[in-house]
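Enquirer:
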Amino acid sequence: MTAQLNPRGDVAVLVPAAGTGVRLGPGAPKALRPLAGEPLLVHAVRRIAAAPSVHTIVVAAPAADVESVRSMLAPVAPVIVVPGGAERQASVAAALAAVPAGPEIVLVHDAARALIPPDLVESVAEAVRSGHDAVIPVLPVVDTIKEVDAGGRVLGTVDRSALRAVQTPQGFRRSVLTAGHAAAGDPLTDDAGLVEKQGVAVVCVPGSEHALKITRPFDLALAEHLLAAGA
Ligand code: CTP
Ligand code: MG
C-alpha cells in the first residue's frame with residue numbers, strides 16, 4: 545500500500561542519503577544499513593512522511609542504488625529518488641533540482657538522523673512559514689570546548705555559552721536555498737552555511753536529542769536502544 549502525502553502541504557523535504565558511511569565502518573552505504581531490521585533511510589522517510597505539512601519528499605540515493613531505493617521506499621511513502629553526488633552538497637543540489645512546482649518551503653534532512661521526530665519537521669517548517677528565510681534546529685553544547693594546535697597543545701577555552709550544536713532538518717524559503725546552492729563554492733557540511741554566505745539571517749529553534757546523527761557504531765547502538773524504548 546502506498547501512503548499518500550498531503551497534496552495541500554507546503555513543504556518539500558530533501559533527504560541526502562548518498563554517503564558511504566566511512567565512520568560507521570565497512571558495509572553497505574550508511575543510509576541502507578539496518579536499524580532494528582530496517583534501513584536507516586526507511587526510518588527517516590517514514591517519520592518525515594508522518595509530518596502533516598509535507599507535500600513532497602526527494603531522496604538523493606547512492607548512484608548505484610537508485611532503483612533498489614525506489615523499490616524499498618515504495619511501500620513507505622511516495623518519494624522522488626535521484627542519484628546523489630560525491631559530496632553532501634552535490635547530493636542536496638541534485639535533490640533540490642527535482643522538487644516539483646508547488647512547495648515554497650524546503651527542508652533538508654540527513655538520512656543519518658533516522659529517528660527524527662515528525663514534530664521537529666513541523667516546528668522547523670512553521671518557523672519558515674512565519675517569515676524566517678532560514679531556520680536551524682540546535683542543542684546547547686554540553687562539553688567544555690578547547691581550541692588546540694596541530695600538536696594537541698591547548699590554545700584556549702572557548703566560551704561554550706555562545707555555541708550550539710546544529711542538527712537537521714534545516715528549513716528555508718525555497719528561493720533562498722536555490723540562490724544559496726546556485727552561488728555555492730567549496731562544499732560545506734550544512735545548507736545554512738551556504739545561505740549565511742549570502743548574508744541571509746539564520747535563526748535557531750530547539751532541536752531534539754532524538755535527531756542525533758548516526759555517525760559511528762556507538763550511535764547506531766544508541767539508536768537501537770532509543771527505538772526499543774519507544775522513540
Ligand atoms: N551524504 C550524501 N551524499 C554524499 C555524502 C553524504 O547524500 N556524497 C548524506 C549522507 O548519506 C548522510 C548525510 O549526508 O545522510 C550526512 O552525512 P554523513 O553523516 O557524513 O554521512 P556519510 O558521508 O555517509 O558518512 P561518513 O562521512 O562517515 O562517510
Ligand atoms: Mg560524510
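Quick note on numbering: the sequence shown equals residues 545 to 775 in the numbering used here.
In this text, a Cβ means the ideal position worked out from N, Cα and C, and glycines have one as well.
Owing to the predicted nature of the structure, the values given are computational and were not obtained by experimental measurement.
If distances are taken between C-alpha atoms only, which option among Asp654, Val698 and Val710 comes closest to Gln633?
Expert: If we check each option's Cα against that of Gln633, Asp654 comes out closest.
Enquirer: For a test of the three-state rule: what should DSSP assign to Gly513, helix, strand or coil?
Expert: Since the first residue of the chain shown is 545 and the last is 775, residue 513 is not available in this structure.
Enquirer: Could you give the residue range of the beta strand (DSSP E) that holds Ala726?
Expert: Counting along the chain, Ala726 falls outside any beta strand (DSSP E), though it belongs to the alpha helix (DSSP H) covering Arg718 to Ala726.
Enquirer: Between Val636 and Leu558, is the Cβ-Cβ spacing less than 7 Å?
Expert: Result yes, Cβ atoms of Val636 and Leu558 sit closer than 7 Å.
Enquirer: What residue range does the alpha helix (DSSP H) around Ala639 cover?
Expert: Residues Arg632 to Ala641.
Enquirer: Which residue comes first and which comes last in the alpha helix (DSSP H) that contains Glu670?
Expert: Its alpha helix (DSSP H) spans residues Pro662 to Arg673.
Enquirer: Beta-carbon within less than 7 Å of Ala658's beta-carbon, same chain only, minus the 5 sequence neighbours each way: which residues are those?
Expert: Same-chain partners within the cutoff: Leu579, Leu584, His587, Ala588, Ile758 and Ala767.
Enquirer: Sort Gly695, Ala608 and Ala723 by Cα distance to Lys741 and report the nearest one.
Expert: The candidate whose alpha carbon is nearest that of Lys741 is Ala723.
Enquirer: In this structure, how does DSSP classify Ala773 when only helix, strand and coil are distinguished?
Expert: Correct three-state label for Ala773: coil.
Enquirer: Quick one: Cα of Arg577 to Cα of Leu549, how far?
Expert: Near 25 Å, if we compare the C-alpha coordinates of Leu549 and Arg577.
Enquirer: At which residues does the beta strand (DSSP E) containing Val692 begin and terminate?
Expert: Where Val692 is concerned, the enclosing beta strand (DSSP E) stretches over Lys690 to Val692.
Enquirer: Give the straight-line distance between the Cα atoms of Met545 and Val610, rounded to the nearest whole angstrom.
Expert: In this prediction, Met545 has a pLDDT of 40, which is less than 50 and means its spatial position is unreliable; what the coordinates show is noted afterwards. If you take the alpha carbons of Met545 and Val610, they lie about 20 Å apart.
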